[in-house]
Amino acid sequence: MCGSASRGAKGACRYGDVASWRCGYSQEARADEMDSTLPAVAEELLKEIKKAFKETSHVPDDLLLGLKFIFGPCAVPALDLVDQRSVTRVTSPSGRTAYQVLGSSGKLYTCYSSCHFCTCPAFGFSVLQKSESLLCKHILAVYLSQAMGACQELTVSEEQLINILLADEEDEG
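As structure tokens, then:
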């Protein structure tokens, strides 16, 4: 699905492509984008990826370059997680939703796209403590999986969802 796209993102950055992508985005963000947890330019990029993928079943190189430009070193590993179908949307009968991402280390991380949070150590360190990144590769993989319709689906009972959330608490404590 994205395998060739991932490899394309690893290639040398052509400044012209990134510059033309950046210039094509309006500097004035719409009000609905401002309410988002991500900067407006990141939201717009994810919308463009969703649109392009829906139309062509792949992500064009210019959008991959934009992804790498905005999200930095977590872009390619996030695409790899999407390729490996590592993202699962977990839903309970009440409509509560969380995402679980099987990381490259084999550990399962819980992500919440609604509040832009991941239980991985990289999120705690790079995003929360150091403010070096917008997000970790797991959250980006969730957003990309949503855009590409590549999420696994799992429906669980309310009790099972509580156990998933409590398991994360025990791991951190």
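Per the numbering used here, the very first residue in the sequence shown carries number 981; after that it's consecutive. Cβ atoms here follow ideal geometry from the backbone N, Cα and C, with glycine treated the same way. Fair warning: this is a prediction, and the values are worked out from it, not measured in the lab.
Whole angstroms is fine: what's the gap from Ala999's alpha carbon to Ile1119's?
Looking up residue 999 in the sequence shown gives position 19. Looking up residue 1119 in the sequence shown gives position 139. Note that Ala999 scores 29 on pLDDT, short of 50, meaning its location in the model is unreliable; the coordinates nonetheless yield the value given after this. When rounded, the distance between both Cα atoms is 26 Å.
Pull up the DSSP beta-bridge partners for Ala1078, would you.
Translated into the one-based positions of the sequence shown, residue 1078 becomes position 98. Answer is Val1070.
By DSSP, does Thr1099 sit in helix, in strand, or in coil?
If you number the sequence shown from 1, residue 1099 lands on position 119. In the structure shown, Thr1099 sits in coil (DSSP, three-state: anything other than H, G, I, E or B).
Would you check if the distance between the CB atom of Leu1061 and the CB atom of Lys1110 is smaller than 8 Å?
Numbered from its first residue, the sequence shown carries residue 1061 at position 81. Numbered from its first residue, the sequence shown carries residue 1110 at position 130. No, Cβ-Cβ distance for Leu1061 and Lys1110 is not below 8 Å.
Excluding five sequence neighbours on each side, which residues of the same chain lie with their C-beta closer than 7 Å to the C-beta of Glu1133?
For the purposes of this step, residue 1133 is taken as the residue at position 153 of the sequence shown. Result list for Glu1133: Arg1069, in chain order.
I need the DSSP call for Cys1116, collapsed to helix, strand or coil.
Locating residue 1116 in the sequence shown gives position 136, counting from the first residue. Here Cys1116 sits in coil by DSSP.
Check the DSSP bridge columns for Gln1132 and list the partner residues they point to.
On the sequence shown, position 152 is the one that residue 1132 refers to. DSSP output for Gln1132 lists Thr1068 as bridge partner(s).
Using only CA atoms, which one of Gln1080, Gly1086, Ser1085 lies nearest to Ser1093?
Looking up residue 1093 in the sequence shown gives position 113. Checking every option, the nearest Cα to that of Ser1093 belongs to Gln1080.
If you run the structure through DSSP and keep just helix, strand and coil, what is Leu1108?
Walking along the sequence shown from the start, residue 1108 turns up at place 128. Helix, per DSSP.
Going residue by residue through the segment 1020 to 1063, where are the continuous alpha helix (DSSP H) segments of at least 4 residues, counting only ones entirely within it?
Here the runs fully enclosed are 1020 to 1036, 1041 to 1051, 1055 to 1063.
In chain order, what residues of the same chain lie with their CB nearer than 7 Å to the CB of Ala969, ignoring the 5 residues before and after it?
The structure shown has nothing for residue 969, since the chain only spans 981 to 1153.
Which two residues bound the contiguous beta strand (DSSP E) that contains Leu1088?
For the purposes of this step, residue 1088 is taken as the residue at position 108 of the sequence shown. Counting along the chain, the beta strand (DSSP E) containing Leu1088 begins and ends at 1088 to 1092.
When the Cα of Cys1091 is compared with those of Cys1131, Ser1037, Pro1053, which residue comes out closest?
Looking up residue 1091 in the sequence shown gives position 111. The shortest C-alpha separation from Cys1091 is found at Cys1131.
Using a threshold of 8 Å, state whether the C-beta atoms of Leu1043 and Glu1023 are closer than that.
Position 63 of the sequence shown, counted from the first residue, corresponds to residue 1043. Position 43 of the sequence shown, counted from the first residue, corresponds to residue 1023. For Leu1043 and Glu1023, no; Cβs fall outside 8 Å.
Are the beta-carbon atoms of Val1136 and Ser1074 separated by less than 8 Å?
The residue labelled residue 1136 in the question sits at position 156 within the sequence shown. The residue labelled residue 1074 in the question sits at position 94 within the sequence shown. Going by C-beta atoms, Val1136 is not nearer than 8 Å to Ser1074.
Is the Cβ-Cβ distance between His1096 and Leu1124 less than 8 Å?
Reading the sequence shown from its first residue, position 116 is the one you call residue 1096. Reading the sequence shown from its first residue, position 144 is the one you call residue 1124. No, Cβ-Cβ distance for His1096 and Leu1124 is not below 8 Å.
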